[in-house]
Amino acid sequence: MAMKLFSVRKSHLKPAVLLLTGILMAGLLGACGNNSNNGNSAASTASASPSAAANQEASPSAASSEPAAAEASTRVFKDYEGHEVTIPTHPQRILVDQFMGHMEAVGVKPIGATENQLSQFEKSSFLKSLNLTDGVENLGATTISLEKALSLNPDLIILQENNAEGVKNYDEYAKIAPTVVLSYGSKTMFDQLREIADIVGESDKAEAWIAQYESKAAGYREQLAKVIPEGTTFTVIEAWPKGQVELFGNLFGRGTFSLYNSLQLQAPATVQEAVMDKEPSYLALSLETLPNYIGDYVFLSVYDWQDNDNGKLAAEFEELNVWRSLSAVKNDHVFHVDVNDFLPGDPLSIEKQLDEQARLLLEKFGNP
């Protein structure tokens with residue numbers, strides 16, 4: 009969906025609070041086991057920094073002679089809009105209007121999210137069974153309610169920059185808790201995940217998640233390379249009401265990251281020029297221009313935001329002459345996917361999209 013970028017007023021942010029001064033004795037550290045973080049609950053436990061822990065393991069004698077400094081309780085983060093915000097090193101009570109799936113991927117659950125975010129998780133057949141929305145407060149339709157935010161006593165609020173109403177209220181949110189604004193739809197899923205993980209203090213978990221995802225994707229690529237002819241092209245589109253069609257590149261969900269970046273399948277040259285690695289990574293097409301962007305195969309979703317009847321809209325769209333005239337349609341080269349499963353662009357959804365695309369492709373082209 010095409011969205012405009014909005015600027016926000018710059019606020020004068022509070023100076024950084026004092027660093028923790030307590031020092032943990034090396035002997036005590038040696039006696040304690042290494043506890044892994046579990047969601048937000050473990051984040052409040054003071055621990056030695058990763059670099060200090062690494063030094064202890066590498067040099068026991070040094071560890072026994074010099075105590076490791078405690079991790080700072082806060083740090084300064086510079087957000088998309090240029091705000092330099094003092095945020096908790098391990099925030100415990102986070103409110104979001106986006107990015108919930110990125111947080112969940114590194115084991116952190118927000119205490120509140122917008123209805124738009126919650127509904128995506130509840131509608132997705134991929135994610136519903138995970139019960140990720142349990143215990144997460146509804147903060148309002150698409151924008152975080154100021155009253156609700158105040159009542160929940162958050163220690164961090166995260167906004168997406170293309171939520172105009174939310175960004176407009178930045179100064180009000182900042183009075184409630186440290187507030188950061190992040191870009192959305194301009195980074196790869198990996199980079200977005202790393203940014204979120206950094207903010208919530210779980211960077212190591214992000215790298216571990218990415219490593220297992222990349223390993224899975226490599227396995228799928230190996231299988232598909234044996235059955236998909238070189239040079240075969242793929243297009244990802246979504247039918248909307250009133251004859252509008254959205255074309256998607258590799259940075260905006262709809263299965264594009266998994267298809268183009270992970271499985272490394274090829275888009276037509278026109279698609280590459282229009283939306284690949286671009287900001288924004290989508291383009292509204294007219295029915296007349298649609299044929300110019302269609303590859304050998306098409307992944308099609310349907311999103312009836314007007315009447316909420318995807319089935320009816322799909323039937324109407326597929327009866328259009330321009331659609332029926334496409335070679336991909338005539339050759340039965342269309343993969344139909346559920347918009348509720350392919351709309352989200354978070355890591356958990358994208359991994360499921362990867363699995364589904366690999367399944368559909370291997371079913372179509374044959375298992376090697």
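Using the numbering used here, read the sequence shown as starting at 9 and increasing by one per residue.
Note that beta-carbon positions come from the ideal geometry of N, C-alpha and C, so glycine has one too.
- Note on geometry: alpha-carbon atoms of Trp217 and Gly227 lie some 16 angstroms from one another.
- With fewer than 16 other Cβ atoms inside 10 Å of its own Cβ, Gly374 counts as exposed.
- Your pair Thr243 and Ile302 checks out as a contact, with CB atoms roughly 5 angstroms apart and the cut at 8 angstroms.
- When DSSP assignments are scanned along the stretch 171-232, the uninterrupted stretches of beta strand (DSSP E) that are 3 or more residues long and fall wholly within it turn out to be 187-190.
- Cβ contact annotation for Thr264 (same chain, cutoff 7 angstroms, sequence separation greater than five): Val244, Phe256, Gly257 and Asn258, in chain order.
- A contact is defined here as three or more CB-CB pairs under 8 angstroms, and the stretch 196-206 fails this definition with respect to the stretch 325-343.
- Between the alpha carbons of Val114 and Pro96 lies a distance of about 17 angstroms.
- Asp354 places its beta carbon 9 angstroms or farther from that of Glu364.
- In the structure shown, Ser309 falls within a strand segment according to DSSP collapsed to helix, strand and coil.
- Under a 10 Å Cβ-count criterion, Ser333 is classified as exposed, with fewer than 16 other Cβ atoms of the shown protein chains found around its own Cβ.
- Here Tyr88 carries a coil assignment [DSSP, helix/strand/coil].
- In this structure, Pro249 sits near Leu321, with a CB-CB distance shorter than 9 angstroms.
- With fewer than three CB-CB distances shorter than 8 angstroms, the stretch 314-330 does not count as touching the stretch 282-294.
- Beta-bridge annotation (DSSP): Ala292 is paired with Glu254.
- Secondary structure of Ala80 (DSSP, three-state): coil.
- Taking Leu158 as reference, the option from Glu254, Pro186 and Asn300 with the minimal CA-CA separation is Pro186.
- The three-state reading of DSSP puts Glu324 in helix, counting H, G and I together.
- A straight line joining the alpha-carbon of Asn170 with that of Gln314 spans about 21 angstroms.
- Straight across, the Cα-Cα distance linking Ala80 with Lys195 is about 29 angstroms.
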